[in-house]
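Residue numbers (the working numbering), protein chains in the order written: chain A, 853 to 1289; chain B, 853 to 1289.
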């Protein structure tokens, strides 16, 4: 993509109302624009990141046999009356009356809807287990939306639901998601830590939040230092028994602020780490809470009707864009992990309009794209300083910088955004380096 | 995908309230389920088709330099007050009050929102032309929603918007979309005919609806027979001057019911064709209708401010799923054009549980998938008759049928869903045929 044509309205000034780094950087980099309080439009740069995150989430959901559906945003209030949540849900639910005076709502989540779909269609234990997910916009009418896409009112969430014949089955579905989530975040270049979360009246041990570490994170956490070091997922077979892997994780100490245990921490001694984190996912088992009132029953092997066991599994997809920036930025701007970068390479022409410089850059642009690379080519008539600043701001992993002086010797500069390392190397070596995977 | 695990709740009975073929077939094939009046959940089979359509639309929008953004579903009423449409829009607009008593609405379209984004960000004629699109759910509170996804309340639309410095530029943007739309529909296996549509107070000739032909179409149309025959788009350069190509199309007679011209039709004689059609797209130029009240101005080459010229370009994405079925089905079910089929191949195991039959089918399933083919493998313990009926109902382009008798001689049956042609051929030939592209 040529930057001269790309719609990427960067801002030099830091917007006054943006309190946290990701909000400031997303506005400054032209990734999003606020439409109204807590509601954002995604501009091309931001939308590309959102898509990369969606793709990874989809691939990892598909990998555990979770099937993609798409439920609508507007739901009937009657559905929520069946589960008893319509009146219980507070003012965060956006309630709507349609032209026929029917009570509707903008879905803040989809337990009722998916349970109805399942109950209408599945009759036999032979069709179990079943896991379904969708990635759809949700609305929660936060009283004070803030922090940009980190706590918006309209937000994109992946929510999955599992249906099993019994508790053992539900435990397997839960474990699949537990491991799948660790893989999902790892693929985005993130270190996510599962933390035991409240199970409420259901009880048991099947509720975990996943937090990623960021110095600017919203909450304090404490955990065993092993969470930061190990690559525990190598070679895990998603179709195999995951109890052992899950136990390895859950056996180690990890606690959010409200759940910290001074005695356990004292026992850890030097193995204790405290850090700040951002919640990016939550999985939980809730048994028959929805299947019972909404009639999600199947005929069991003996012909008797069985009420299904359910769990739900959420990932904050639009929130992740902000969370990744919180976890990975510096003074100059965003530092994208490669798997979610909007483009992998930024090609900077230091003297647009200079015939030799233009020709060299056009050539590299074409070669890189032919090699399947995603390149943002800064071909604008701007000063070098402005181009460098924009490139650092938008945080593409690699900057390939070409100016007339270097090109006389066929040399270009290759900069790694994350390490800051710069190398003057030949054009050929730079291209080989960037296309060598 | 193994059908024994795939969530595809087919129905034997025709749902009573479904009046048209696509609605009936989408319900029967387990593609969608109604959530409430005019609002549908997309189940895995339907969602796969929706995704294929989305992908084609995206590729063709990208090909003309239209850039993808994503605007939210919920908009502020104030935005629509600026354009004067808030009060003018009738009861089809879903009006919402949030917890702070602010007037909001579920966007039925996005002219206001995109114009505001543009106006906030673009300052100079150097940044023009600019074309932006998004694919997002819209809501129109139809008084009597019906015909399934063909006239739903919550529906998925691709809407694009162009910003130009002058009329000549706007005309070029319009022509790009005109040609792009013909290509888009052609890629879905559809014959779309552009029909002059009302321009209202704007006047001129830049408003066209695109209709695809279907015997069960909602409206009668008449056109020159050339529209049905020719492949006019071959070799068209989208970056070149498109005036000629567009004129070739618009010079031929084509009219929707309310615009038919008896004299013109009489003159055509034997070249006249009448048919039924379904609207699947609409493009129109509207000048300064939104840019003027919403302040979308740029500094022109002479430093003077210029109000931008705009156009908008819609494709009914979810509607297309129904429209394609209307255009392509028979007594037994859907007949998917290959580019939008949920899977390309249906592999039918006529005797699941028979060791030899299972082994042969598993082998073919793996070989086809390794060759990059999308295969739905019917491995269920069902009678052959039920499997055939389901396969015809869901309409995959190719059926590969394997039973114990044929396999003794290493023979399978390959059936083309569209032509109905069946061939008994060797397993090897069948696989070669299906992977030969």
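Ideal placement from N, C-alpha and C gives every residue a C-beta, glycine not left out.
- Only those residues of the region 892-925 of chain A whose C-beta falls short of 9 Å from the nearest C-beta of chain B are listed: 892, 893, 894, 895, 896, 898, 899, 900, 902, 903, 917, 919, 920, 921, 922, 923, 924, 925.
- Taking C-alpha positions only, residue 876 (chain A) is separated from residue 944 (chain B) by approximately 37 Å.
- Beyond the five residues adjoining it in sequence on each side, residue 1217 (chain B) comes within less than 7 Å, by CB distance, of 1199, 1227, 1229 in the same chain, given in chain order.
- With distances taken between CA atoms, residue 964 (chain A) lies nearest to A:1144 out of A:1250, A:1144, A:1207.
- Put simply, of B:1282, B:1219, B:1183, B:887 the residue whose alpha carbon is nearest the alpha carbon of residue 972 (chain A) is B:887.
- In the DSSP secondary-structure assignment, residue 1201 (chain B) is bridged to B:1254.
- Taking residue 1100 (chain A) as the centre and dropping the five residues before and after it, the same chain places the C-beta of 1084 closer than 7 Å to its C-beta, in chain order.
- The beta carbon of residue 863 (chain B) is closer than 8 Å to those of 879, 880, 882 in its chain, skipping five residues each way along the sequence.
- Contact between residue 1213 (chain B) and residue 1231 (chain B) is confirmed by a C-beta separation of about 7 Å, below the 8 Å threshold.
- Relative to residue 1076 (chain A), the option among A:1282, A:1125, A:1136, A:1201 whose CA is nearest is A:1125.
- DSSP places residue 938 (chain B) inside the alpha helix (DSSP H), whose first and last residues are 937-940.
- DSSP, read as helix, strand or coil, puts residue 1185 (chain A) in strand.
- Here DSSP, grouped into helix, strand and coil, assigns residue 1209 (chain B) to helix.
- Cβ-Cβ separation between residue 1108 (chain A) and residue 1073 (chain A): approximately 5 Å, consistent with a contact (criterion under 8 Å).
- Between the C-alpha atoms of residue 1000 (chain A) and residue 870 (chain A) there is a straight-line separation of about 7 Å.
- Of the candidates B:1221, B:1204, B:1195, B:1129, the residue whose Cα lies closest to the Cα of residue 1067 (chain B) is B:1129.
- A straight-line Cα-Cα distance of about 11 Å links residue 1148 (chain A) and residue 976 (chain A).
- Cα atoms of residue 1089 (chain B) and residue 1207 (chain A): separation of roughly 27 Å, rounded to the nearest angstrom.
- With a threshold of 16 other beta carbon atoms within 10 Å, residue 884 (chain A) meets it and is buried.
- Within the model, the alpha-carbon separation for residue 1261 (chain A) versus residue 897 (chain A) is close to 34 Å.
- Counting every other CB atom within 10 Å of its CB across the protein chains shown gives residue 1012 (chain A) a total of 16 or more, marking it as buried.
- One Cα belongs to residue 954 (chain B), the other to residue 1038 (chain B), and the distance between them is close to 44 Å.
- Not a single CB atom of chain A sits nearer than 7 Å to the CB of residue 1167 (chain B).
- Listed along chain A are 925, each with a C-beta nearer than 7 Å to that of residue 989 (chain B).
- When the Cα atoms are used, residue 910 (chain B) and residue 1269 (chain A) turn out to be separated by approximately 30 Å.
- Listed in chain order, the positions of the region 863-893 of chain B with a beta carbon within less than 7 Å of a beta carbon of chain A are 885, 887, 888, 891, 892, 893.
- Among the bridge pairs identified by DSSP, residue 970 (chain B) is matched with none.
- For the pair residue 1030 (chain A) and residue 1162 (chain A), the CB atoms are not nearer than the 7 Å cut-off.
- Within its own chain, the residues whose Cβ lies closer than 8 Å to the Cβ of residue 980 (chain A), once the five positions on either side in sequence are excluded, are 974, 1015, 1016, 1017, 1021, 1150, 1160, listed in chain order.
- In summary, no residue of the region 1173-1207 of chain A has a CB separated from any CB of chain B by less than 8 Å.
- If you draw a straight line from the Cα of residue 936 (chain A) to the Cα of residue 1051 (chain A), it is about 19 Å long.
- Per the C-alpha coordinates, the member of B:1274, B:1034, B:1264 positioned closest to residue 1280 (chain B) is B:1264.
- Of all alpha-carbon atoms in A:970, A:858, A:861, the one lying nearest the alpha-carbon of residue 859 (chain B) is that of A:970.
- The alpha-carbon separation between residue 1193 (chain A) and residue 916 (chain B) amounts to approximately 24 Å.
- Around the beta carbon of residue 1123 (chain A), a 10 Å sphere encloses fewer than 16 other beta carbons of the protein chains shown; the residue is thus reported as exposed.
- DSSP places residue 1275 (chain B) inside the beta strand (DSSP E), whose first and last residues are 1274-1278.
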